[in-house]
């Protein structure tokens, strides 16, 4: 990884953690719906970056959120799951162009970008809530939380991407 | 040998993923038991510090409500003192000299969650202020939870809004005991279980803490009954509206039972004798 990349990712890491634990964890829309914006770090991590490094960073990211919210290891587990699955989802969402390293998250068509975000966000939330609630008898609650928080997170991730991609052009 | 090394190199990402996932699940399961989550908790200097800074900023927005709440509590306590004074025929002794087995400490809530199935609070007091694990926490209107983790300057509290919490309570009117649990649905409603079917239960009855545990003193307000039905095992399923607004907590009191070591050691002796 280059030096500027390193700096950019460090700043992004810290900012996302602070925004998540200080603001977004206290939204409680409709009583229990919270968005999880920090997955953005994993989504926009350089696509040709080191996969082992991404796994380790995702683990640290998730664990940091866990420490702040007293939730054991649920965020860490959800984060490394999507970090590990990410190449498969990239191929699924962007098709051949990913294999030729042509993809820039800011420049792909909106529908492909949305597919990519939705798949990873839903997967993340599913692992997150399954582990947090940890009971098969509450499967409806798990699905409900995944759906509502998932919609919320997807909108937020999409808007954040739009907001910050302008600057780069 | 070479084959094994090649296997590890080829699958290093999967093996790393599996290892990290196992660690995460282990940490998650650890939080399901009350005492053992010592290292992944917001009772440490960094997270406690970050929450303190946020609390310093957001504090000003809630000052009006907080003042009103404290004033109301003062009114209630003054009325109580006045009643006690009138009820005692002899001149009452100085209450600061009376023996008590409970000691109270004040603290501020710097982080509070109520939207998950296992909720915790973070307080700005820790070991250096005399806090220990298993102390009870109450606010001006009723119970809040139990201290489950302490660092030198911060502490986390397992809220009553936590599926792992189970607190011994009773009906104020008839002294029938039961357990207070939470079904994760509403942050202002908890469930009272294990109350015998023969107990006289009515809408609006007051629930207070029972004196059976060493954590809370007897008679601390919990809430009022808003719904009940007879469930399985011949016991009631009761919905209790909590008297405390768990979604807006600021100042809380921590209760220390000064006799707890004596009670524990006695119970241990009895337990060991039975073995």
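Protein chains in written order, with my numbering: chain A, 30 to 198; chain H, 4 to 278. In this text, a Cβ means the ideal position worked out from N, Cα and C, and glycines have one as well. In this text the structure is predicted, and so the values were computed from the model without any measurement.
For the 8 Å CB-CB criterion, residue 154(H) and residue 129(H) form a contact. Boundaries of the beta strand (DSSP E) around residue 193(H): 192-199.
Using a CB distance below 8 Å, the part of the segment 91-110 of chain A facing chain H consists of 91, 92, 95, 96, 97, 98, 99, 100, 101, 102, 103, 105, 106, 109, 110, ordered along the chain. Excluding the 5 residues flanking it on each side, residue 44(H) has same chain C-beta neighbours closer than 7 Å at 152, 159, in chain order.
Among the residues facing chain A, residue 13(H) is not included, as its CB has no counterpart in that chain under 8 Å away. Per DSSP, residue 148(A) has no beta bridge partner at all. Look at the beta carbons and you see the segment 46-54 of chain A touching the segment 94-101 of chain A: at least three pairs across the two are nearer than 8 Å. Contact between the segment 220-240 of chain H and the segment 189-201 of chain H is present, with at least three C-beta pairs closer than 8 Å.
With fewer than three CB-CB distances shorter than 8 Å, the segment 73-89 of chain H does not count as touching the segment 211-226 of chain H. Residue state for residue 57(H) is assigned as helix, using DSSP reduced to three classes. By the beta-carbon neighbour count (other beta carbons within 10 angstroms, threshold 16), residue 70(H) is exposed.
Proximity of the segment 65-82 of chain A to the segment 105-122 of chain A meets the contact definition, three or more beta-carbon pairs being nearer than 8 Å.
Annotation for residue 118(H): 190 place their beta carbon closer than 8 Å to its own, counting only its chain and skipping 5 residues before and after. Around the C-beta of residue 193(A), fewer than 16 other C-beta atoms lie within 10 Å, and the residue is accordingly described as exposed. Residue 157(H) holds the alpha-carbon nearest to the alpha-carbon of residue 114(H) among 132(H), 157(H), 264(H). Per DSSP, the unbroken beta strand (DSSP E) holding residue 256(H) starts and ends at 254-260. When beta bridges are read from the DSSP output, residue 238(H) appears opposite 199(H). Short of 6 Å from the beta carbon of residue 154(A), and not among the five residues preceding or following it, lie these beta carbons of its own chain, in chain order: 175, 178, 179. Contact fails between the segment 175-191 of chain H and the segment 55-73 of chain H, because fewer than three Cβ pairs, one in each stretch, are under 8 Å apart. If you draw a straight line from the Cα of residue 134(A) to the Cα of residue 106(H), it is about 59 Å long. Under the DSSP assignment, residue 158(H) falls in the beta strand (DSSP E) whose first and last residues are 158-165. For residue 255(H) against residue 53(H), the beta-carbon gap comes to about 20 Å, at or over 8 Å, which does not count as contact. Sequence-distant partners of residue 247(H) (beyond 5 residues in either direction) whose C-beta falls short of 6 Å from its own C-beta, in its chain, are 142, 144, 145.
Between the segment 184-191 of chain A and the segment 9-22 of chain H, the count of C-beta pairs closer than 8 Å stays below three; the two stretches do not touch. Beyond the five residues adjoining it in sequence on each side, residue 166(H) comes within less than 7 Å, by CB distance, of 120, 121, 185, 187 in the same chain, given in chain order.
For residue 223(H), the secondary structure class from DSSP, reduced to helix, strand or coil, is coil. Within the segment 42-114 of chain A, the complete alpha helix (DSSP H) runs of at least 4 residues fall at 69-73, 80-98. 181(A) is the residue among 189(A), 181(A), 190(A) whose C-alpha sits nearest the C-alpha of residue 63(A). Residue nearest to residue 259(H) within the set 225(H), 104(H), 88(H) is 104(H) (criterion: CA-CA distance). Scanning 162(A), 170(A), 191(A), 190(A) for the CA closest to the CA of residue 28(H) turns up 162(A).
The C-beta of residue 80(A) comes closer than 8 Å to at least one C-beta of chain H. Here the C-alpha atom of residue 32(H) lies approximately 7 Å from the C-alpha atom of residue 101(A).
In this structure, the alpha-carbon of residue 14(H) lies about 55 Å from that of residue 273(H). The C-alpha of residue 132(A) is placed about 8 Å away from the C-alpha of residue 76(A). Per DSSP, the continuous alpha helix (DSSP H) segment holding residue 10(H) begins and ends at 5-13. Straight through space, the alpha carbons of residue 125(A) and residue 116(H) are spaced by roughly 44 Å.
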